[in-house]
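Here is the structure we will look at, set down as structure tokens.
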Amino acid sequence: MSRRPPAIDRTLLVALALLLPPLSWEAIGDARHPDAPSSAPRLNLVWVDVLGTASFALPFAASEAAAVLGQAGIATASAVGTPSTEVAADEIRIVILDEFPGGSPLSKRVMGCTRRGGHTRTTWVYLSSVLWALGLPDRGGRGLLAREREEVGRALGRVAAHEIVHVLAPDLPHGRDGLMAGRLSRALLGCNRVTLGAREASAARAGFAALAASASSSPRAVEVAAEAVEPRHPRR
Ligand SMILES: [Zn+2]
């Protein structure tokens, strides 16, 4: 258990994989959330469906990401962009691809990825892997029931929310469990409601405050996430 991960420690990517063995998941519900104050600054999310296969899931994904981040006190506004859409300083781009590149069987387990270091505002989520994680056929969403489309969208939104927190709080380590764990169970992807832990929400808010401040011309001082500890990387 104390074995240190080998070379992956040096990777620049923080990959989010499915926790195996998969757990059964149940009840699907509506993810309601209290809206953040309308006067609060909004985090702009730009969703880029590169292959055009995720449009069925985007509204649900955006809604779920808004729910998770909204409960952490971060109001969001979502828009659909293209791969050539430039990302403004106060925006985060969520690029939806089919599968984590690499072609190995393990690629299927990687549902999201964020480059570490620097000040990235782009993150990736993988539709095919999310479908696989939910045990649904991978036909780009074709043939899914309306209920299943919503399930996929919700799961995609949760993966995106996880990755957005990485963007906002790059020094925040993975949690032992919950949405910010390095591996997510099928149960977590499908359950009625997920929230960030208090420390995770605090770090995300601080990161958002820094992002918003850097995007404005105001020289106002910004808070920095206190959780500046060595990030841990997910292991298979
Ligand atoms: Zn992660």
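Using this note's numbering, the first residue of the sequence shown is number 1, and each one after it goes up by one.
All residues carry an ideal CB built from backbone N, CA and C; glycine is no exception.
- For Pro-101, same chain residues with a beta-carbon under 8 Å away, outside a window of 5 residues either side, are Ser-107 in chain order.
- With a cutoff of 7 Å on beta-carbon distance, Val-95 and Val-48 are scored as near each other.
- Residue pairing by DSSP leaves Arg-176 without any beta bridge partner.
- Spatial neighbours of Glu-148 in its own chain (CB-CB distance under 7 Å, excluding positions within 5 residues in sequence) are listed in chain order as Leu-136.
- Gly-141 counts as buried, since no fewer than 16 other beta carbons sit within 10 angstroms of its beta carbon.
- In the assembly as shown, Glu-86 is an exposed residue. Its beta-carbon has fewer than 16 other beta-carbons within 10 Å.
- The closest CA to that of Gly-52, considering only Ser-63, Leu-69, Gly-73 and Leu-97, is found on Leu-97.
- The way I'd put it, the stretch 148–164 does touch the stretch 54–71; three or more beta-carbon pairs between them come closer than 8 Å.
- For Arg-149, there is no enclosing beta strand (DSSP E); the residue is part of the alpha helix (DSSP H) that begins and ends at 146–168.
- Within 10 angstroms of the beta-carbon of Gly-143 lie fewer than 16 other beta-carbons, which makes it exposed.
- A distance below 7 Å separates the beta carbons of Thr-122 and Arg-93.
- When secondary structure is reduced to three states using DSSP, Arg-116 falls in the coil class, being assigned neither helix nor strand.
- Buried is the label assigned to His-166, since at least 16 other Cβ atoms lie within 10 Å of its Cβ.
- Going by DSSP, Ala-212 is part of no beta strand (DSSP E) but of the alpha helix (DSSP H) stretching over 198–215.
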